[in-house]
Amino acid sequence: MKILFVVGQFPKLSETFILNQITGLIDQGHQVDILAEKPTFQENAHEDVHKYNLIDRTYYYDFPNSKKDKLKILFKATLKYPIKVLQMLNFRKFGKEVFSLRQIMVLEAMQNKQLNYDVIHCHFGPNGILAAILKDLNLLKGKISTTFHGYDMTTYLKDRGDNVYDFLFKSGDAFLPISNFWAEKLKSLGCESSKISVHPMGVSLEKFKAVKPAGNSKIKLLSVARLVEKKGIQFSIEAVCRLIEQGYNVEYNIVGDGPLKPSLNAQIGDLNNKIKFLGWKTQEETVKLIEESDIFLVPSVTSENGDMEGIPVVLMEAMAMQKPVISTYHSGIPELITSNSDGLLVPEKDVDALYDELENLIKDSNKSEDIGIAARKTIQSKHDINMLNIKLIDSFKGLYN
Numbered sequence: 010m011k012i013l014f015v016v017g018q019f020p021k022l023s024e025t026f027i028l029n030q031i032t033g034l035i036d037q038g039h040q041v042d043i044l045a046e047k048p049t050f051q052e053n054a055h056e057d058v059h060k061y062n063l064i065d066r067t068y069y070y071d072f073p074n075s076k077k078d079k080l081k082i083l084f085k086a087t088l089k090y091p092i093k094v095l096q097m098l099n100f101r102k103f104g105k106e107v108f109s110l111r112q113i114m115v116l117e118a119m120q121n122k123q124l125n126y127d128v129i130h131c132h133f134g135p136n137g138i139l140a141a142i143l144k145d146l147n148l149l150k151g152k153i154s155t156t157f158h159g160y161d162m163t164t165y166l167k168d169r170g171d172n173v174y175d176f177l178f179k180s181g182d183a184f185l186p187i188s189n190f191w192a193e194k195l196k197s198l199g200c201e202s203s204k205i206s207v208h209p210m211g212v213s214l215e216k217f218k219a220v221k222p223a224g225n226s227k228i229k230l231l232s233v234a235r236l237v238e239k240k241g242i243q244f245s246i247e248a249v250c251r252l253i254e255q256g257y258n259v260e261y262n263i264v265g266d267g268p269l270k271p272s273l274n275a276q277i278g279d280l281n282n283k284i285k286f287l288g289w290k291t292q293e294e295t296v297k298l299i300e301e302s303d304i305f306l307v308p309s310v311t312s313e314n315g316d317m318e319g320i321p322v323v324l325m326e327a328m329a330m331q332k333p334v335i336s337t338y339h340s341g342i343p344e345l346i347t348s349n350s351d352g353l354l355v356p357e358k359d360v361d362a363l364y365d366e367l368e369n370l371i372k373d374s375n376k377s378e379d380i381g382i383a384a385r386k387t388i389q390s391k392h393d394i395n396m397l398n399i400k401l402i403d404s405f406k407g408l409y410n
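Numbering (the numbering used here), first residue to last: 10 to 410.
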């Protein structure tokens, strides 16, 4: 099949789940191209970006943030394609997404050329809207499939309104929420049930291999997260600080970066020799850190503005490596983890419960090992990326039946 992925910035280290789908479908023999916003800064790209020459497969468009630059692009495009631009700004038809002007940026980047595909696969709802607008204006051709993850079902709706997806629901062909939790949300927004099929994210069992318990004399805890409110890192830091106060020999490494780093650094205080921010790491570096860790923490919460997670793929990665994980009753996470079986779940923002579960795992190495073994089995049976990519192609083929 000939498939176009419509995504945000690409490549992006925090979105390896998209990369895993792209490379998996290429491995199956499909032609895959990418339509993406040009990154605002250069990240250390995952090795697969180079291995599969993905930059050469990508159509990039600029997305300036300043109103002045947007107006310049709008003026330039209007002079070149006056009728097309007028059609693109049809608010009554396309809704509030037209004000992002992304469709104008794509028009300018593609020079008014049509791209033809069997399937246009979009990650995150706003990219689905973009694809639907471009298809309506004959800039794209193909069936539209959209995966919904988390922010596109929470803060994006709060900002744009619950009817922002109306045009996409009408013109889109398939909607693939990553959990039953988000499937129910799509139905409540008016999406046809017959078009909805839950398709979870997955991980490579070859890359994330089972490892034996690290058995460190110092207990190594690990989180991998963007430092934003919904990741809940402030609560895991508080729990770890209590462990240290109680005399437990622990080290807590946090991979990632983000706007909350200064406040989290302040929270750590003089414990920065035991609680460390490592910045962003490549997937290979992250695998090594998971391998060396004893317990993996994903303390997700609902943020003040309503932002929520999907099911963090990094949680699946740690589980695939047979690590005991502690997370929260949040969004679709309970669909992945059965507490006290293949992981541990605590209520959101409950530092006492988080502390208790950490202490229990530290004291009971047998329980820790049993949970890790069960975690690997869960990923093998439900979240093997190779199996899920085969199912994804089957769903694409079904759009033509």
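The beta-carbon is built from N, C-alpha and C at its ideal position, and this holds for glycine as well. Owing to the predicted nature of the structure, the values given are computational and were not obtained by experimental measurement.
query: Can you find at least 3 beta carbon pairs, one from the stretch 197 to 205 and one from the stretch 293 to 311, that sit closer than 8 Å?
result: At 8 Å Cβ cutoff, the stretches do not touch.
field: Residue closest to Y165, alpha-carbon to alpha-carbon, out of I142, F190 and F133
entry: Along the sequence shown, one-based indexing puts residue 165 at 156. Nearest option by C-alpha distance: F133.
task: Determine the burial state of T347: buried for a count of at least 16 other Cβ atoms within 10 Å of its Cβ, exposed for fewer.
output: As a working mapping, residue 347 is identified with position 338 in the sequence shown. The residue in question, T347, is exposed, as its Cβ has fewer than 16 Cβ neighbours within 10 Å.
field: Buried/exposed call for F84, threshold 16 Cβ in 10 Å
entry: Position 75 of the sequence shown, counting from 1, holds the residue named residue 84. Burial check for F84: the Cβ neighbour count within 10 Å stays below 16, so the residue is exposed.
query: To which residues does DSSP link Y261 through a beta bridge?
result: Taking the first residue of the sequence shown as 1, we reach residue 261 at position 252. DSSP output for Y261 lists L230 and I284 as bridge partner(s).
G134, DSSP secondary structure in three states: Within the sequence shown, residue 134 is the residue found at index 125, counting from 1. It is helical.
Where V94 sits in the DSSP three-state scheme: By 1-based counting over the sequence shown, the position of residue 94 is 85. Under the three-state reduction of DSSP, V94 is assigned to helix.
message: One question on the structure: do L185 and A141 come within less than 8 Å of each other, judged by their Cβ atoms?
response: For the purposes of this step, residue 185 is taken as residue 176 along the sequence shown, with counting starting at 1. For the purposes of this step, residue 141 is taken as residue 132 along the sequence shown, with counting starting at 1. A distance of 8 Å or more separates the beta carbons of L185 and A141.
query: Looking only at C-alpha atoms, which of E106, E378 and T67 sits nearest to A223?
result: What you label residue 223 is simply residue 214 of the sequence shown in a count that begins at 1. Minimum Cα distance to A223 is reached at E378.
message: With a threshold of 8 Å on Cβ separation, who are the neighbours of L252 within its own chain once the five nearest residues in sequence on each side are excluded?
response: Working through the sequence shown from its first residue, we reach residue 252 at position 243. V259, Y364, L367, E368 and I371, listed in sequence order.
From Q112, G407 and L63, residue whose alpha carbon lies closest to that of Q96: The residue given as residue 96 occupies position 87 in the sequence shown. Checked all of Q112, G407 and L63; the closest Cα to Q96 is Q112.
field: Beta bridge counterpart(s) of E215 as assigned by DSSP
entry: If you number the sequence shown from 1, residue 215 lands on position 206. Looking at the DSSP output, E215 bridges to nothing.
query: Where does N398 land, buried or exposed, given buried means 16+ other C-beta within 10 angstroms?
result: Along the sequence shown, read from residue 1 onward, the residue named residue 398 stands at position 389. Classification for N398: buried.
field: DSSP three-state assignment for S272, whether helix, strand or coil
entry: As a working mapping, residue 272 is identified with position 263 in the sequence shown. The three-state secondary structure of S272, taken from DSSP, is helix.
query: Do I246 and I205 have their CB atoms nearer than 8 Å?
result: Translated into positions along the sequence shown, residue 246 becomes position 237. Translated into positions along the sequence shown, residue 205 becomes position 196. Not in contact: I246 and I205 (Cβ atoms no closer than 8 Å).
message: Let me make sure I understand the geometry here. Which of S350, Q331 and L354 has the alpha-carbon closest to that of I342?
response: Translated into positions along the sequence shown, residue 342 becomes position 333. Taking only the C-alpha atoms, the option nearest I342 is L354.
query: When DSSP labels each residue in this structure, what does N121 get in the three-state scheme?
result: In the sequence shown, counting from the first residue as 1, residue 121 sits at position 112. Three-state result, N121: coil.
message: Quick check on G211: buried or exposed, where buried means 16 or more other Cβ atoms within 10 Å of its Cβ?
response: The residue given as residue 211 occupies position 202 in the sequence shown. With 16 or more neighbouring CB atoms inside 10 Å of its own CB, G211 falls in the buried class.
message: Please give me, in chain order, every unbroken run of the alpha helix (DSSP H) with length at least 4 that falls completely inside the stretch 304 to 388.
response: Counting only runs of 4+ residues, the alpha helix (DSSP H) found wholly inside the stretch 304 to 388 occupies 322 to 329, 342 to 345 and 360 to 372, in chain order.
task: Over the uninterrupted alpha helix (DSSP H) stretch that includes Y165, give me the two end residues.
output: Position 156 of the sequence shown, counted from the start, is the residue given in the question as residue 165. First-last of the alpha helix (DSSP H) with Y165: T164 to R169.
- request: Keeping to the same chain, check which residues put their C-beta closer than 8 Å to that of N274; ignore five residues upstream and five downstream.
  value: Here the question's residue 274 lines up with position 265 in the sequence shown. Here the set comprises N281 and F286.
message: Here's the rule: buried if 16 or more other CB atoms are within 10 angstroms of the residue's CB, otherwise exposed. What is G137?
response: If you number the sequence shown from 1, residue 137 lands on position 128. Buried is the call here.
message: Using only the alpha-carbon positions, how far apart do E106 and D266 sit?
response: Here residue 106 is taken as the residue at index 97 of the sequence shown, counted from 1. Here residue 266 is taken as the residue at index 257 of the sequence shown, counted from 1. Cα-Cα distance, rounded: 28 Å.
task: Whole angstroms is fine: what's the gap from S340's alpha carbon to K290's?
output: Counting from one through the sequence shown, the residue named residue 340 turns up at place 331. Counting from one through the sequence shown, the residue named residue 290 turns up at place 281. One Cα belongs to S340, the other to K290, and the distance between them is close to 26 Å.
query: alpha helix (DSSP H) containing A248: first to last residue?
result: Translated into the one-based positions of the sequence shown, residue 248 becomes position 239. I242 to E254 is the span of the alpha helix (DSSP H), which, as asked, contains A248.
- request: Please name the residue or residues paired with Q292 in a DSSP beta bridge.
  value: Position 283 of the sequence shown, counted from the first residue, corresponds to residue 292. As computed with DSSP, Q292 is found in no beta bridge at all.
task: Classify F19 as helix, strand or coil using the three-state DSSP reduction.
output: Here residue 19 corresponds to residue number 10 of the sequence shown, with the count starting at 1. If DSSP states are grouped into helix, strand and coil, F19 belongs with coil.
L397: first and last residue of the uninterrupted beta strand (DSSP E) it sits in: Your numbering for residue 397 matches position 388 in the sequence shown. It is not in any beta strand (DSSP E) - L397 instead sits in the alpha helix (DSSP H) that spans I394 to G407.
query: Does the beta-carbon distance from A45 to T25 come in below 8 Å?
result: In the sequence shown, residue 45 corresponds to position 36, counting from 1. In the sequence shown, residue 25 corresponds to position 16, counting from 1. Not in contact: A45 and T25 (Cβ atoms no closer than 8 Å).
task: Just tell me which of F72, K21 and K297 has its CA closest to the CA of E117.
output: Here residue 117 refers to the residue found at position 108 when the sequence shown is read from its first residue. Residue F72 is the option with its Cα nearest to E117.
- request: Could you spell out the range, first to last residue, of the beta strand (DSSP E) harbouring S154?
  value: Working through the sequence shown from its first residue, we reach residue 154 at position 145. Looking at the DSSP string, the run of the beta strand (DSSP E) that includes S154 is L149 to F157.
- prompt: Is the shortest distance between the beta-carbon of L177 and the beta-carbons of chain B less than 8 Å?
  reply: The chain inventory of the structure shown lacks chain B, comprising one protein chain alone.
- request: Return the chain-ordered list of same chain residues with a C-beta closer than 7 Å to the C-beta of L146, the five sequence neighbours on each side being excluded.
  value: Residue mapping note: residue 146 aligns to position 137 of the sequence shown, counting from 1. Contacts found: K93, Q96 and M97.
field: Cβ distance (whole Å) where E384 is taken to contact V334 below 8 Å
entry: Along the sequence shown, one-based indexing puts residue 384 at 375. Along the sequence shown, one-based indexing puts residue 334 at 325. It should be pointed out that residue 384 corresponds to Ala in this sequence rather than to Glu. A Cβ-Cβ distance of about 6 Å is found for the pair A384 and V334, placing them in contact under the 8 Å criterion.
- prompt: Using a Cβ-Cβ cut-off of 8 Å (strictly less than) and excluding sequence neighbours within five positions of T39, which residues of its own chain qualify?
  reply: The residue labelled residue 39 in the question sits at position 30 within the sequence shown. Going by the sequence as given, residue 39 is His instead of Thr. Cβ within range, chain order: M10, K11, I12 and I402.
task: With DSSP collapsed to three states, give me the class of A86.
output: For the purposes of this step, residue 86 is identified with residue 77 of the sequence shown, where counting begins at 1. Here A86 carries a helix assignment [DSSP, helix/strand/coil].
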